[in-house]
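Undergrad: In terms of my numbering, the sequence shown opens at residue 90 and continues consecutively.
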Amino acid sequence: MQRMLIGMSQEKLGEALGLTFQQVQKYEKGTNRIGASRLYEIGAVLGVPIEYFFEGLERGTASAANGEPRGGLDVGMLSTAEGIQLNSAFFAISDPKLRRRVLELIKALGGVGDDAELPVTAGNR
Numbered sequence: 090m091q092r093m094l095i096g097m098s099q100e101k102l103g104e105a106l107g108l109t110f111q112q113v114q115k116y117e118k119g120t121n122r123i124g125a126s127r128l129y130e131i132g133a134v135l136g137v138p139i140e141y142f143f144e145g146l147e148r149g150t151a152s153a154a155n156g157e158p159r160g161g162l163d164v165g166m167l168s169t170a171e172g173i174q175l176n177s178a179f180f181a182i183s184d185p186k187l188r189r190r191v192l193e194l195i196k197a198l199g200g201v202g203d204d205a206e207l208p209v210t211a212g213n214r
């Protein structure tokens, strides 16, 4: 997700890591596991600390590992091109009142009640 947020292609990430874009693709799809040292290198190239890759994980639970949404948040949806575009466009709205109204519209369209609390992330505090 971070790679897409900064507009980096799989090919460019692969070049920076000495890998092919196919290898990067396998990492992103979860086909191949990523070792700790490689994860550190990826973080350095993407400009994030290694802790970034573990945000939202709870200690002692396997729910994130088996694909279940954490805290009602579907991380898989957020990492799609559409999810990233929606998130980027939403936070490009500089007026907080307008952003709140857009959020209310999205909640109404999604069938989420006004009193329902959506998960809080660093971006929407």
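Positions of the beta carbon are idealized from the N, C-alpha and C atoms, including for glycine.
1) Does the Cβ-Cβ distance between LEU94 and ILE173 come in under 8 Å?
2) Between THR120, GLN111, ALA181, GLY103, which has its C-alpha nearest GLY132's C-alpha?
3) Taking VAL113 as the reference, give the member of GLU100, ALA125, ALA178 with the closest Cα.
4) Who are the Cβ neighbours of ILE182 in its own chain at under 8 Å, not counting the five residues just before and after it?
5) Helix or strand or just coil, what does DSSP make of SER183?
6) Answer yes or no: do TYR141 and GLN91 have a C-beta to C-beta separation smaller than 8 Å?
7) Give the DSSP-derived three-state secondary structure of ARG122 in the structure shown.
8) Give the secondary structure of ASP177 by DSSP, where H, G and I count as helix, E and B as strand, and everything else as coil.
9) With 16 as the cutoff for other CB atoms within 10 Å, does LEU198 come out buried or exposed?
10) How close, in whole Å, do the beta carbons of ALA105 and VAL134 come, if the pair is a contact with beta carbons under 8 Å?
11) Alpha carbon to alpha carbon, how far is GLU117 from GLY96? Give it in angstroms, no decimals.
TA: In brief:
1) To locate residue 94, count along the sequence shown from 1; it is residue 5. To locate residue 173, count along the sequence shown from 1; it is residue 84. In this structure, ILE173 lies closer than 8 Å to LEU94 by Cβ.
2) Counting from 1 along the sequence shown, the entry for residue 132 is found at position 43. Looking at the Cα atoms, GLY103 is the closest of the given residues.
3) Residue numbering aside, residue 113 sits at position 24 when the sequence shown is read from its first letter. Considering only GLU100, ALA125, ALA178, the residue with the shortest C-alpha distance to VAL113 is GLU100.
4) Counting from one through the sequence shown, the residue named residue 182 turns up at place 93. Closer than 8 Å at the Cβ level, and outside the excluded window around ILE182, lie ARG188, VAL191.
5) As a first step, residue 183 is located in the sequence shown; it is residue number 94 there, counting from the start. Coil.
6) Taking the sequence shown and counting its residues from 1, one reaches residue 141 at position 52. Taking the sequence shown and counting its residues from 1, one reaches residue 91 at position 2. The answer is yes: Cβ separation under 8 Å.
7) To locate residue 122, count along the sequence shown from 1; it is residue 33. Judged by DSSP in its simplified three-state form, ARG122 adopts coil rather than helix or strand.
8) Start at 1 with the first residue of the sequence shown, and residue 177 comes out as number 88. Rather than Asp, the amino acid found at residue 177 in this sequence is Ser. For SER177, the secondary structure class from DSSP, reduced to helix, strand or coil, is helix.
9) Your numbering for residue 198 matches position 109 in the sequence shown. Exposed, because fewer than 16 other Cβ atoms sit within 10 Å of the Cβ of LEU198.
10) Counted from its first residue, the sequence shown places residue 105 at position 16. Counted from its first residue, the sequence shown places residue 134 at position 45. With a Cβ gap of about 4 Å, ALA105 and VAL134 count as contacting.
11) The residue you call residue 96 lines up with position 7 of the sequence shown. The residue you call residue 117 lines up with position 28 of the sequence shown. Distance between the alpha carbons of GLY96 and GLU117 is about 15 Å.
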